[in-house]
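Here the protein sequences line up with chains A and B, keeping their order. The opening residue of the first sequence carries number 1 in the UniProt record's numbering; numbering runs sequentially from there. The opening residue of the second sequence carries number 1 in the UniProt record's numbering; numbering runs sequentially from there. Ideal Cβ positions, reconstructed from N, Cα and C, are used throughout, including at glycine. For clarity, every value in this text was computed on a predicted model and none was experimentally measured.
Number of protein chains: 2
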Amino acid sequence: MPARPSRHATILEVAREAGVSKTSVSRYFGGERERLSPALRQRIGEAARRLGYRPNQIARGLKGGRSRLLGMLVADIRNPYSIAVMHGVEQACHEHGYSLLVANTDNDSVQERTHLSLLASYRVEGLMINAAGRPTHELQAMVEQGLPLVLLDRWLESFGADGVGLDNTLAIDMAVDHLSERGYRHLLFLSEPVGLASPRQQRWQRFEQRLSEEPALHGERHDPALDDTAVSAIIAAFLARAGRPAAVLCANGNVTLAATRALQALGIRLGEVGLLGIDELDWCSLVPPGITTLAQPTEAIGRAAVQQLLARLDGSGPTPPPRHVLFPPTLIERGSTRFAACDIDNANI
Amino acid sequence: MPARPSRHATILEVAREAGVSKTSVSRYFGGERERLSPALRQRIGEAARRLGYRPNQIARGLKGGRSRLLGMLVADIRNPYSIAVMHGVEQACHEHGYSLLVANTDNDSVQERTHLSLLASYRVEGLMINAAGRPTHELQAMVEQGLPLVLLDRWLESFGADGVGLDNTLAIDMAVDHLSERGYRHLLFLSEPVGLASPRQQRWQRFEQRLSEEPALHGERHDPALDDTAVSAIIAAFLARAGRPAAVLCANGNVTLAATRALQALGIRLGEVGLLGIDELDWCSLVPPGITTLAQPTEAIGRAAVQQLLARLDGSGPTPPPRHVLFPPTLIERGSTRFAACDIDNANI
DNA sequence: TCTCTTGATGGGAACGTTCCCATCCTAGAT
DNA sequence: ATCTAGGATGGGAACGTTCCCATCAAGAGA
C-alpha cells in the first residue's frame, strides 16, 4: 500500500461523485447556493460530506488573489499587552472571515525583516505591526506596493499609515492628576529607555510638560535599562532628594514590575510612597495594598486595528488619509496611591 | 490610472526581465542555485531585485502540496503558560522554515471545530493542539487523513497521537516532597474543575496516591470553579478542620492566583500557611514573602512539539508508534513554604 | 569524424480553485 | 408554431508555481 500523506478530496472529485460539474460545486462552497436547484444542492452536499471535502484555501488564494490572511508583527510576544491586543485582533479576524498569521520579532530588527518578507510571501492582505525601531526597507516597499498597514501602539515617523493605540497624553494627564489629587507633590517618572518608541517618547514628553506647567508639582524623569539594582538606586536617590509626599509613575508594565521590586527591596510601604503604573496586570491587585494602574482597552485596540485594515481593504472610493485612533485608559485605583493607607498592612483590594 | 492593489511581480516577469526561462528563475529561488551558471545567477538576482520579486508561497503551496504552515490550536491564548509554549513553538517553526498559524478557541468547542477546519483549509502540514475537551469529529477525521498531530499538555484518550507536556506525576511528587520536608503535614490540593483535562486528572490522582501511601500526611482535594468567595470558603473550612502546619498546593497558575487572593482576604500570612503553585508567573516573587512554584520548561515544551511534528513530517521509514515526551518541572523555592519565615514581613525573595 | 555523456537551459503540464462565457432547457410572448 | 428571455448548468482558461522531460552545446572517447 502506498503511503497516502494527507490526501484531500478535490472539487473535481466531489463533482464526479455528485454527478455535476466542478463549477456547481464551486458555487456551492463559494456562497452562491441560491443559484443552484434544490436537487443539485442536496447532491453536492451529500457528496462532499461523504468524501470529507474541504475547500482548499491555498488554491482559492492563488486564483482569486485573496489569501484571506492578515499578518501581525509583534515586537515581544511575551508582553501581556501584546497578547491582550492580539486576542482582540484574532477575534476580529475570524469574525470577518480572515485568519491571522503571527510573527514575533523579539525586538530584533533582523527577525523583523525576515518575518516581514515571510508574511509578504504568504500574500497577507493586510498587516498590523508593533515594530521594534525605525521602519525597514522591506516595510517601506510593502507599503508602496499598496499593502494596507496599521501601526499598533508604536508609530513610525515618516510613515503615512493608520495607527491604533493609547492616548498617551491623556494617560499621563490622568496619572498626574490622580497623584496630585491624592496629595503627592514629588513625582518620579520612570520609563524603559525611550529611544525611538513613540509611546515612550510621548509619555516622557507630556510628563515634562505637566511639570513645567504646574509649579506646585516637582519631579524627575529617568529611563534606565531595567535591572533591579539600577532601578533601586534611582528610586533611592530620588527619595533622598525629594520632599514628601512622593510617588513613582511607571511608564509601562515592565517598569511597574521593576519598581515594585525595588520598593520592596528598599523596605518601603506602597502608598507611603505612591505608585501608579500604566498597564494593568493580574498581580497588581495582589501586591498589598494593591497597585493603582491605568488599564489599556487592549481588546478594543486589537479590534480597531482589524477594522481599519478592512476599511482599507475593500477600499471603494478614494483612499482616505491616514488616521490614528486613540483610546483612553481606565483608572483602577488601589492602595498604592492612598496616602492614608500606608499604615494598613494587608488591605484587600 | 487604474487602481493597482498589491501588484506583485511574478516569476515569469522576472524571467522576461532577465532574459531567461521561468524554470531557471524557479531554480534560483528554489535552492538550486548551484545548477545555474554564474552568468545566469547574476542576471536573475539583479532582475529580481529590480522588480522587487518575492516568491509566492501560495502558488508554491498549491503546486507542491507543501504549504510550509504549521497550525497551533490553543485553548486559552491569554494563559501565560500557553503563550510561553507558543513562543518556543514559533521560534522552532521559523528555524525550520515553517510559519505558524495560530487559532485560539477560548475553551469553546464550537470555536474549536471552526478553527480546526480553518486550519485544515489552509492545508497546514502539521498540527499542535491544546484542546478544550474531548476530541471532535473534525480532529479525528484530520488525523485519519494522515495529518501529523502533537498534543500539547492535554492528552486525548483514544487518540494515538504524539504528545508533549509536563511530567505531572513527578511534579506532584516534587511538590508533596517539598512541602513535607518543610514540615507541612496537612495539605489541601486545589485544582480547577478536573473534568476531562488530562493534566488535572493526573495531578489530582497522584496527589491522592501520595496521601494514601504516606500515613504521616493528611489532606483533602477540591476542584471548585474559581471565584473568590468559593475559594476562600474552601480554604477557610480546610484550615478550620486541619491540623498544623497546613499548606495549600495549587494545581496551576490560575489556582495560585485565586488562592493567593483568598489567603490575603482571610488575613493569613504566606508561610504560616504554606503555599506552593504549579506554574511560574512573574508576580510570584512579588507577593511577600514570595510564592514557591514549580516552573514548567515552557520553551522546551514548545520546541519539542515542533520537533515531533517535523519527525513525522519527513516520515521516511515506517511511522514509529506515538510517543509522549515528558519534561520535569523546576522547583523555585520562596518564602511561602518557609514555615519559619512567617514572622518576617517583607522578606525580599 | 561520429557517437556518447554530461551539464546547462527551456517548454509545458499540473496543482485546485474561480470566473467568464457558452450551452441547454423551459416558459412566456408573438 | 416560432422566437426570445432568462435561469440552470457546464467547459475551459487562468492564477504562479514546480518538476518532468526535451533540447542543445561541448568535450571525451572511439
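Legend entry - Beta-carbon gap between A:M142 and A:A305 smaller than 8 Å: no
Legend entry - Own chain residues within Cβ distance below 8 Å of A:I301, not counting five before or after: V85, G88, L152, D153, V164, G165, L166 and F327
Inset, instruction - May I ask you to report which of helix, strand or coil DSSP gives A:R221? - result: strand
Legend entry - Simplified DSSP assignment, three categories, for B:V74: strand
Inset, instruction - Note the first and the last residue of the continuous alpha helix (DSSP H) segment covering A:V231. - result: D228 to R241
Inset, instruction - Report the rounded CA-to-CA distance for A:R66 versus A:L309, giving the unit in angstroms. - result: 14 Å
Legend entry - Closer than 8 Å to chain A by CB, B:L257: yes
Legend entry - Chain-ordered neighbours of A:H87 on chain B, where CB pairs are closer than 8 Å: I77, R78 and N104
Legend entry - Where A:S26 falls: helix, strand or coil (DSSP): helix
Inset, instruction - Count the other CB atoms, across all protein chains shown, that sit within 10 Å of the CB of A:L12; report buried if there are 16 or more and exposed otherwise. - result: exposed
Inset, instruction - Measure from the C-beta of B:Q308 to each C-beta in chain A and report whether the shortest distance is under 8 Å. - result: no
Inset, instruction - Look at the Cβ atom of B:L331, then the Cβ atom of B:L294, and state whether they are nearer than 8 Å. - result: yes
Inset, instruction - Please list the residues of the region 139–160 of chain A that have a C-beta atom closer than 8 Å to any C-beta atom in chain B, keeping them in chain order. - result: A141, Q145, G146 and L147
Inset, instruction - Compute the Euclidean distance between the alpha carbons of B:S180 and B:E213, then round it to the nearest angstrom. - result: 13 Å
Inset, instruction - Provide the residue(s) that pair with A:A295 in DSSP beta bridges, ordered along the chain. - result: A:T330
Inset, instruction - Identify every run of the beta strand (DSSP E) within the region 134–161 of chain A, keeping only runs that are complete inside it and at least 3 residues long; order them along the chain. - result: 149–152
Inset, instruction - Measure the CB-CB distance between B:L226 and B:N254 and report whether it falls below 8 Å. - result: yes
Inset, instruction - Would you please state the rounded distance, in angstroms, between the beta carbons of A:L188 and A:F238? I believe it to be under 8 Å. - result: 5 Å
Inset, instruction - Would you identify the three-state DSSP class for B:V102, choosing helix, strand or coil? - result: strand
Inset, instruction - Could you tell me the distance, in whole angstroms, from the CA atom of A:D345 to the CA atom of B:Q202? - result: Confidence is the limiting factor: at A:D345 the pLDDT is only 43, short of 50, which leaves the residue's position unreliable, though a coordinate-based value still follows. Going by the C-alpha atoms only, they are around 38 Å apart.
Inset, instruction - Find out if the Cβ-Cβ distance for the pair A:R210, A:I268 is shorter than 8 Å. - result: no
Inset, instruction - List the residues of chain B whose Cβ lies closer than 9 Å to the Cβ of A:I44, in chain order. - result: By Cβ distance, chain B contributes nothing, its closest Cβ being about 17 Å from A:I44, past 9 Å.
Legend entry - Three-state secondary structure assigned by DSSP to A:H94: helix
Legend entry - Residue closest to B:L313, alpha-carbon to alpha-carbon, out of B:V14, B:E34 and B:H96: B:H96
Inset, instruction - Measure from the C-beta of A:D314 to each C-beta in chain B and report whether the shortest distance is under 8 Å. - result: no
Legend entry - C-alpha distance - B:A39 paired with A:A120, whole-angstrom precision: 28 Å
Legend entry - Contact with chain A by residue 359 of chain B, beta-carbon distance below 8 Å: No answer is possible for residue 359 of chain B: the residues shown for chain B start at 1 and end at 349.
Inset, instruction - Give the residues of chain B in contact with A:A59, contact being defined as C-beta atoms less than 7 Å apart. - result: L62
Inset, instruction - Taking only beta-carbon positions, decide if A:N252 is within less than 8 Å of chain B. - result: no
Legend entry - Candidates A:E46, A:E90 and A:Q145, of which the one nearest B:G52 by Cα: A:Q145
Legend entry - Rounded separation between A:A236 and B:R261 - CA only: 30 Å
Legend entry - Secondary structure, alpha helix (DSSP H): runs of 4+ residues fully inside the region 248–278 of chain A: 253–265
Inset, instruction - Classify A:H186 as helix, strand or coil using the three-state DSSP reduction. - result: strand
Legend entry - Boundaries (first-last residue) of the alpha helix (DSSP H) holding B:L40: P38 to L51
Inset, instruction - Starting from the C-beta of A:V74, find all residues in its chain whose C-beta is less than 6 Å away, skip the five residues before and the five after it, and write them out in chain order. - result: S82, N104 and N130
Legend entry - Endpoints, beta strand (DSSP E) assigned at B:G19: First-last for B:G19: undefined, no H or E at that position.
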